[in-house]
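As C-alpha cells, the structure follows; a few thoughts come after it.
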Amino acid sequence: DQQVKQNSPSLSVQEGRISILNCDYTNSMFDYFLWYKKYPAEGPTFLISISSIKDKNEDGRFTVFLNKSAKHLSLHIVPSQPGDSAVYFCAFSGGSNYKLTFGKGTLLTVNP
Amino acid sequence: SQTIHQWPATLVQPVGSPLSLECTVEGTSNPNLYWYRQAAGRGLQLLFYSVGIGQISSEVPQNLSASRPQDRQFILSSKKLLLSDSGFYLCAWAVGAAYEQYFGPGTRLTVT
Chain U
83 DQQVKQNSPS LSVQEGRISI LNCDYTNSMF DYFLWYKKYP AEGPTFLISI
133 SSIKDKNEDG RFTVFLNKSA KHLSLHIVPS QPGDSAVYFC AFSGGSNYKL
183 TFGKGTLLTV NP
Chain A
4 SQTIHQWPAT LVQPVGSPLS LECTVEGTSN PNLYWYRQAA GRGLQLLFYS
54 VGIGQISSEV PQNLSASRPQ DRQFILSSKK LLLSDSGFYL CAWAVGAAYE
104 QYFGPGTRLT VT
C-alpha cells in the first residue's frame with residue numbers, strides 16, 4: 083500500500099533557476115506535511131513543513147505548496163544553488179500519532 | 004541545544020553475527036525515538052518507535068529488535084544478521100506530539 087509517491091527519482095536544473103519537487107499522496111488522514119533534505123552518508127535534515135489548514139508556506143528560498151483536493155505536495159526552490167544538490171524526501175503525518183511516512187526521494191542536481 | 008549521536012558510523016558484519024547499534028539524544032527529556040532504515044534506492048522505512056522508557060512499537064516484522072533502557076538511549080539489535088539487513092540505519096527524535104523529527108548521522112551497515 084503505497085500511500086506516498088515521489089514519481090521523479092531525479093531532477094537536474096541550472097543554478098539560479100527554479101527547482102520544483104513533487105509528491106502525491108492517497109491517505110486522506112494526513113494532516114501535516116514536511117520536506118527533508120539529505121546529503122550522502124548523512125541523516126536527513128528538516129527543511130520546511132505545512133499543516134493541512136494552509137496551502138502555502140515560505141521560508142527564504144523554499145516554498146511548500148499543498149493542494150489538498152489533488153492530494154499533491156510540492157517544494158519550490160528559488161533561486162537554486164549548487165549547495166541545494168541533495169536527495170529531497172517528502173514526509174507525511176496524520177492518523178497514527180508520532181509517525182511519519184516518507185516518499186522514496188528525489189535526487190536534485192543543481193548545475194553551476 | 005539538542006544533539007543526537009549514533010555509533011558506529013560504519014559497520015561490516017558477517018551473516019549470522021549479532022548486531023547492536025546505539026543512539027543517544029542530549030538536551031531534551033522524554034523524547035520520542037525512532038529507528039529507520041534506508042536500503043539502496045529506497046525511501047526511509049520506519050522500523051521501531053518509542054514514546055517512553057521500555058515502550059517499543061514495531062512497524063515491520065523482521066529479525067531486528069529495539070530497546071530503550073534509558074530515557075534518551077535507543078538500541079537496535081539483532082541476534083543473527085541476514086544479507087537483507089544491509090542498509091543505512093538512522094535514529095531520530097521528536098518532542099511529544101511534534102511532527103518534526105530530527106535525525107542522527109546514521110550507521111552504514113554492510114552484511115557480507
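Listed in order, the protein sequences are those of chains U and A.
Counting in my numbering, the first sequence runs from 83 upward without gaps.
Counting in my numbering, the second sequence runs from 4 upward without gaps.
Glycine included, C-beta positions come from ideal geometry on N, C-alpha and C.
Bear in mind that the values here come from a model prediction, so they are computed numbers and not experimental data.
Alpha carbon of residue i to alpha carbon of residue j, nearest angstrom
i                  : j                  : result
Gln-76 of chain A  : Thr-110 of chain A : 16 Å
Ile-56 of chain A  : Arg-71 of chain A  : 5 Å
Leu-157 of chain U : Tyr-107 of chain U : 14 Å
Thr-188 of chain U : Ser-90 of chain U  : 6 Å
Gly-107 of chain A : Ser-151 of chain U : 35 Å
Val-111 of chain U : Gln-88 of chain U  : The residue asked about is misnamed: residue 111 of chain U is Met in this sequence, not Val. Approximately 18 Å between the Cα atoms of the pair.
Ser-134 of chain U : Cys-105 of chain U : 15 Å
Collapsed DSSP secondary structure at residue i in the structure displayed
i                  : result
Gly-165 of chain U : helix
Ser-4 of chain A   : coil
Leu-103 of chain U : strand
Leu-86 of chain A  : helix
Gln-76 of chain A  : strand
Val-54 of chain A  : strand
Ser-81 of chain A  : strand
Any C-beta of chain U under 8 Å from that of residue i
i                  : result
Gln-76 of chain A  : no
Pro-117 of chain A : Examination of residue 117 of chain A is not possible in this model, given that chain A is present from 4 through 115 alone.
Gly-30 of chain A  : no
Gly-55 of chain A  : no
Gln-104 of chain A : yes
Asn-66 of chain A  : no
Same chain, Cβ closer than 7 Å to residue i, five either side skipped, listed in chain order
i                  : result
Ser-89 of chain A  : Leu-112, Thr-113, Val-114
Pro-126 of chain U : Tyr-118, Lys-119, Lys-120, Phe-171
Pair within 8 Å by beta-carbon distance, residue i and residue j
i                  : j                  : result
Leu-190 of chain U : Leu-103 of chain U : yes
Ser-123 of chain A : Asn-66 of chain A  : Nothing in the structure corresponds to residue 123 of chain A, since chain A is present only between 4 and 115.
Gln-85 of chain U  : Thr-183 of chain U : yes
Leu-155 of chain U : Lys-136 of chain U : no
Tyr-102 of chain A : Ser-101 of chain U : no
Ile-130 of chain U : Asp-141 of chain U : yes
Ile-78 of chain A  : Glu-25 of chain A  : yes
Contacting residues, own chain, Cβ-Cβ under 8 Å from residue i (five flanking each side not counted)
i                 : result
Arg-40 of chain A : Leu-47, Gln-48, Leu-50, Gly-90, Phe-91, Tyr-92, Leu-93
Residue-chain proximity (residue i, chain A), Cβ-Cβ < 8 Å
i                  : result
Leu-182 of chain U : yes
Tyr-121 of chain U : no
Leu-129 of chain U : no
Tyr-114 of chain U : yes
Phe-144 of chain U : no
Nonlocal neighbours in the same chain, by C-beta distance under 6 Å from residue i, ignoring five residues either side
i                  : result
Asn-35 of chain A  : Val-54, Ala-97
Asn-139 of chain U : Ile-132, Val-146
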